[in-house]
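A.B. asks: Take a look at this one; I'll ask things after.
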Amino acid sequence: MKKLIVVSAALAAASASPAFAGDDMAGMNMSTKGAMMKASSSANALTDAEVKKVDTATGMVTLKHGALENVGMPPMTMAFKAKDAEMVQQVKAGDKVKVRIENVNGTLTIVKLEKQS
């Protein structure tokens, strides 16, 4: 009797699966879809900044920047390590730039820098 119940339950579950798999999810709440797209676009957002100082010896660039949402930092002036030496070479004090700062191995680092015209 016990085996009959187990076999019946397994057959019922197996026959119900294709019906659910063919569903178009019309009744599903997809309200988070827009939020996920917004999050992915802001994940690579650039922040406006002004170069205050460049130190080629240490690879540091001092920026007066807007809020850095991805690292939870309010607007301020601060020195950041550049990801590569080329970034340091392309800017000088007074340049307007757009930057992406990320926490790389515990160090806030400029991972993307675009000089504004």
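Take -17 as the starting number for the sequence shown in our numbering and just add one per residue.
Note that CB positions come from ideal geometry on N, CA and C, so glycine has one too.
Less than 6 Å between C-beta atoms, sequence neighbours within five positions excluded: which residues of the same chain meet that for Met19?
C.D. replies: Here residue 19 refers to the residue found at position 37 when the sequence shown is read from its first residue. Confidence at Met19 is low in this model, with a pLDDT of 47, below 50, so its placement is unreliable and no value can be given for it.
A.B. asks: Taking the alpha-carbon positions, what's the Leu50 to Thr29 distance?
C.D. replies: As a first step, residue 50 must be located in the sequence shown, where it is residue number 68. As a first step, residue 29 must be located in the sequence shown, where it is residue number 47. The straight-line gap from Cα to Cα measures roughly 7 Å.
A.B. asks: Return the Cβ separation of Val79 and Ala31 in integer angstroms, given the expectation that the two are a contact with Cβ distance under 8 Å.
C.D. replies: Translated into the one-based positions of the sequence shown, residue 79 becomes position 97. Translated into the one-based positions of the sequence shown, residue 31 becomes position 49. Indeed they touch by this definition, with Cβ atoms about 5 Å apart.
A.B. asks: Assign Leu95 to buried or exposed, taking buried as 16 or more other Cβ atoms, counted over all protein chains shown, within 10 Å of its Cβ.
C.D. replies: Counting from 1 along the sequence shown, the entry for residue 95 is found at position 113. Buried, because 16 or more other Cβ atoms sit within 10 Å of the Cβ of Leu95.
A.B. asks: Would you kindly check if the distance between the Cβ of Lys46 and the Cβ of Pro56 is under 9 Å?
C.D. replies: For the purposes of this step, residue 56 is identified with residue 74 of the sequence shown, where counting begins at 1. For the purposes of this step, residue 46 is identified with residue 64 of the sequence shown, where counting begins at 1. Contact: no.
A.B. asks: Please look up how many angstroms separate the CB atoms of Lys97 and Gln72, rounded, as I've assumed it's under 8 Å.
C.D. replies: Position 115 of the sequence shown holds residue 97. Position 90 of the sequence shown holds residue 72. Going by Cβ atoms, the distance from Lys97 to Gln72 rounds to 6 Å, so yes, they are a contact pair.
A.B. asks: Pick out whichever of Lys(-15), Gly41 and Asn85 has its Cα sitting closest to the Cα of Asn52.
C.D. replies: As a position in the sequence shown, residue 52 is number 70, starting the count at 1. Taking only the C-alpha atoms, the option nearest Asn52 is Asn85.
A.B. asks: Identify, in the order they occur along the chain, each residue of the same chain with its Cβ nearer than 7 Å to the Cβ of Ala21, setting aside the five sequence neighbours on each side.
C.D. replies: Working through the sequence shown from its first residue, we reach residue 21 at position 39. Residue confidence for Ala21 is low, a pLDDT of 47 falling below 50, so the modelled location carries little weight; the figure read from the coordinates is stated next. For Ala21, where only same-chain residues beyond five positions count, there are no Cβ hits under 7 Å.
A.B. asks: How big is the Cα-Cα spacing for Glu68 and Ala61?
C.D. replies: Here residue 68 corresponds to residue number 86 of the sequence shown, with the count starting at 1. Here residue 61 corresponds to residue number 79 of the sequence shown, with the count starting at 1. Rounded to whole angstroms, Glu68 to Ala61 spans 17 Å at the Cα level.
A.B. asks: Expressed to the nearest angstrom, what Euclidean distance is found between the alpha-carbon atoms of Thr44 and Lys65?
C.D. replies: Here residue 44 refers to the residue found at position 62 of the sequence shown. Here residue 65 refers to the residue found at position 83 of the sequence shown. Their backbone Cα atoms lie some 14 Å apart in a straight line.
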